[in-house]
Amino acid sequence: MKFTEEHEWLRVEDDLVVVGITEYATTQLGDIVFVELPEVGTTVSKDDETVVIESVKAASDILAPIDGEIVEVNDALTDNPSLTNEDAIGDGWFFKIKPSDASQMDDYMDEAAYKSLIG
Amino acid sequence: MSDLLQTPLHDLHVSLGAKMVPFAGYSMPVQYGLGVMSEHLHTRAKAGLFDVSHMGQVKVTGDTAALALEALIPVDIAGLAEGRQRYGFFTNDAGGIMDDLMLANRGDHIFVVVNAACKDADIAHMLAKLGPSVQVTPVTDRALLALQGPSAEAVLADLNPAVAEMNFMDVATLQLNGAECWVSRSGYTGEDGYEISVPDQDAEALAKTLLSHAEVEAIGLGARDSLRLEGGLCLYGHDIDAATTPVQAALTWAIQKVRRAGGDRAAGFPGADIILREIASGASRKRVGLRPEGRAPMREGVPLYAQAQGGEQIGSITSGGFGPTVEGPVAMGYVTADLSKPDTTVFGELRGKRLPLTVTKMPFTPANFKR
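Residue numbers (this note's numbering), protein chains in the order written: chain E, 4 to 122; chain C, 16 to 386.
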C-alpha cells in the first residue's frame, strides 16, 4: 500500500488501484456526513478534484493521486458516508482507477514513511 | 495563541481530552472524544454540559434600570416580572441588531447575558447610553455553564430539588454543590435545560459533579452549533448582524406589543422608525429555514436563486450544515419576501451546480421546553 501527503491511500488490486483516505485523515475531519463520488468512466489527471467529502466541520476535496480512468466507485458511501470513519482503509474506499501510468505510484510513500509523517 | 483567554474550566477541558480552538478571544473546547455527531445526539437523548463562560455577564442596577434598557432594546423589560427572563437585542439607528442577549429580572438588578465577541462593545454601549442613575457592572468572577437535554432536570434536581419547580425562562438564585448559583431554565439547543452562573472558584467542582452523572457528557462548541441550528436559533455575526433588522430576521415575536405602534411604551429605541414600519408593512427579505433536498450540506455563504438556471441572486445561506437529529442537511438564510413561504423551492449554488432547497418552518426538531 502507498500513501500520499494528502492522506490518501492507494492499494494495487490486479491492474487497478483502489483509493481512499487514511484513518488519520478521518480523525482530523470528524464525522463524515456526505460523499460525492465521480462518475464511472471519467478520465482524471493527477491532482484533479475527484471526490467531495463533507464532515460535520467542513467540505474537503479529494484529489486524483494518479492519471487514469475511474472504473468503479463505492456507491455504499452515498447512503452511508460514515463507512469512511468506521473502516477508512477497508469498506470506506472511494474509487478504483485504471492507471494510465502505473509508475506514478512510485512517487508515494510506503507505510513506514507515512507513519513517520503523521507522527 | 498565548494571549487567548481561558475560562475557569480550561484545565478540566484539557484533562477531558477536548480539542481546544480559539473562539472570540478564548481558548474553547470545540469537541471532546465523542466527536460532534455523538455529542449532539447525546444532548438530545440525555444531557450535555457546555462551558459558555466566554459569554458576557452584566448586572444593570438602579431604580430606572429596566426603563433605561428599553431605550436600547425593543423589548418589554419594565414589564418583566421578577424571576423571569426574556430574549432581546440591542438595535442601532438603522434598525440593525448590534447583539442579541438574554435579560433577567433578578429583583435588585437586570442581569444581561451577551455574546462573547460583542461583550466589550455591549458594555461600552450601555455605559455610554444608560445614563448616570444606572450602574453597569460586568460580572467577571463567574463562570457560565449550560446543562441541556431531557435528563437535565433530574440531574440538576439531585443537587437542588427546587430546579424542578422552575418553568422555561424562570430564573432563581439557588445553592448547587455548595455554591450560590444564578440559574435560568433556558438554553441554546432547543432542549429543556438550565444555564448556571457559578462563582469561578466553584465552577470546576460543579462541572465535575454534573459530569459524574452517567447521563451527562461534556459537549463542545461544534455540537452547540449544530444543536442551535436544528433549533432554529440565530448565531450573532452569521444569521443576524448590524445590517439586519429584527423583522428581517423573523424575530418580531421578541418585540412585545407594548413596544410596537399603539403600545404604551411604543418606539423609543434605536431604529424604531424603521423596525416599526417593517412590522406594519413587511420587510423586503426574511430569514427562513431551508432543507437541502439532496444529502449535500450547504453552508454559510452559499448563494440562493429563485430558479435552477439564470436570474438574480435572491439571498444566501447564513448557517448550514448536517443536522444529526434530522439525519440530513439543514440551513437557514435570507430570501426575498415573496419566496419566504414554507414549501417554496429555492436553489443554492454549490460547486457550480444549483441544487434545490425547500423553505421550511423552524425549528427543524421539536422544541422540548418546560412550559
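Glycine included, C-beta positions come from ideal geometry on N, C-alpha and C.
Given the structure is predicted, the values throughout are model-derived calculations rather than measurements.
Residue i, buried or exposed, once every other Cβ within 10 Å from all chains shown has been counted against 16
| i | result |
| --- | --- |
| residue 283 (chain C) | exposed |
| residue 16 (chain C) | Residue placement at residue 16 (chain C) is poorly supported in this model, since its pLDDT is 48, which falls under 50; the coordinates still yield a value, given next. The residue in question, residue 16 (chain C), is exposed, as its Cβ has fewer than 16 Cβ neighbours within 10 Å. |
| residue 232 (chain C) | buried |
| residue 100 (chain E) | buried |
| residue 63 (chain C) | buried |
| residue 234 (chain C) | buried |
| residue 386 (chain C) | exposed |
| residue 96 (chain E) | buried |
| residue 121 (chain E) | exposed |
| residue 272 (chain C) | exposed |
| residue 67 (chain E) | buried |
| residue 155 (chain C) | exposed |
| residue 176 (chain C) | exposed |
| residue 366 (chain C) | exposed |
Boundaries of the beta strand (DSSP E) in which residue i is found, first to last residue
| i | result |
| --- | --- |
| residue 192 (chain C) | Premise fails: residue 192 (chain C) is in no beta strand (DSSP E) and is neither H nor E. |
| residue 347 (chain C) | 343-351 |
| residue 14 (chain E) | 11-16 |
| residue 64 (chain C) | 62-66 |
| residue 320 (chain C) | 318-320 |
| residue 72 (chain C) | 71-76 |
| residue 233 (chain C) | 231-233 |
| residue 39 (chain E) | 35-39 |
| residue 41 (chain C) | 41-46 |
| residue 328 (chain C) | 328-338 |
| residue 157 (chain C) | 157-163 |
| residue 369 (chain C) | 368-375 |
| residue 42 (chain E) | Segment: none, residue 42 (chain E) is in no beta strand (DSSP E) and carries neither H nor E. |
Reduced DSSP secondary structure (H/G/I, E/B, other) of residue i
| i | result |
| --- | --- |
| residue 302 (chain C) | strand |
| residue 270 (chain C) | coil |
| residue 115 (chain C) | strand |
| residue 16 (chain C) | Note on residue 16 (chain C): pLDDT 48, under 50, position unreliable in the model; the coordinate value appears next. Coil at residue 16 (chain C), not helix or strand. |
| residue 99 (chain C) | strand |
| residue 29 (chain C) | helix |
| residue 238 (chain C) | helix |
| residue 81 (chain E) | helix |
| residue 250 (chain C) | coil |
| residue 108 (chain E) | helix |
| residue 259 (chain C) | coil |
| residue 209 (chain C) | strand |
Reference residue i; option with closest CA among the options
| i | options | result |
| --- | --- | --- |
| residue 334 (chain C) | C:243, C:328 and C:18 | C:243 |
| residue 278 (chain C) | C:30, C:90, C:140 and C:25 | C:90 |
| residue 203 (chain C) | C:93, C:49, C:116 and C:43 | C:116 |
| residue 67 (chain C) | C:119, C:92 and C:128 | C:128 |
| residue 108 (chain C) | C:315, C:365 and C:257 | C:257 |
| residue 30 (chain E) | C:38, C:49 and C:36 | C:49 |
| residue 20 (chain C) | C:131, C:34 and C:61 | C:131 |
| residue 359 (chain C) | C:307, C:291 and C:81 | C:307 |
| residue 38 (chain C) | C:69, C:60 and C:29 | C:69 |
| residue 251 (chain C) | C:134, C:309 and C:97 | C:134 |
| residue 196 (chain C) | C:141, C:171 and C:285 | C:171 |
| residue 114 (chain C) | C:348, C:104 and C:122 | C:104 |
| residue 356 (chain C) | C:300, C:58, C:322 and C:313 | C:300 |
| residue 19 (chain E) | E:119, E:109, E:105 and E:116 | E:105 |
| residue 24 (chain E) | E:43, E:42 and E:4 | E:4 |
Straight-line Cα distance separating residue j from residue i
| i | j | result |
| --- | --- | --- |
| residue 70 (chain E) | residue 159 (chain C) | 54 Å |
| residue 371 (chain C) | residue 59 (chain E) | 21 Å |
| residue 148 (chain C) | residue 110 (chain C) | 26 Å |
| residue 276 (chain C) | residue 259 (chain C) | 20 Å |
| residue 376 (chain C) | residue 305 (chain C) | 8 Å |
| residue 382 (chain C) | residue 51 (chain C) | 20 Å |
| residue 125 (chain C) | residue 339 (chain C) | 36 Å |
| residue 102 (chain E) | residue 63 (chain E) | 23 Å |
| residue 40 (chain C) | residue 73 (chain E) | 46 Å |
| residue 298 (chain C) | residue 112 (chain C) | 15 Å |
| residue 191 (chain C) | residue 230 (chain C) | 18 Å |
| residue 412 (chain C) | residue 23 (chain C) | Outside the displayed span of chain C (16 to 386) sits residue 412 (chain C), for which this structure offers no information. |
| residue 111 (chain E) | residue 10 (chain E) | 11 Å |
| residue 54 (chain C) | residue 238 (chain C) | 6 Å |
| residue 364 (chain C) | residue 317 (chain C) | 6 Å |
| residue 324 (chain C) | residue 346 (chain C) | 21 Å |
| residue 143 (chain C) | residue 119 (chain C) | 21 Å |
| residue 188 (chain C) | residue 226 (chain C) | 22 Å |
| residue 241 (chain C) | residue 201 (chain C) | 17 Å |
| residue 280 (chain C) | residue 270 (chain C) | 11 Å |
| residue 220 (chain C) | residue 198 (chain C) | 16 Å |
| residue 141 (chain C) | residue 151 (chain C) | 7 Å |
Start and end residues, alpha helix (DSSP H) containing residue i
| i | result |
| --- | --- |
| residue 140 (chain C) | 134-144 |
| residue 29 (chain E) | 26-32 |
**Under 7 Å (Cβ pairs) to chain D, residues found in the stretch 328-345 of chain C** = Structure shown: chain D not included; protein chains present are E and C.
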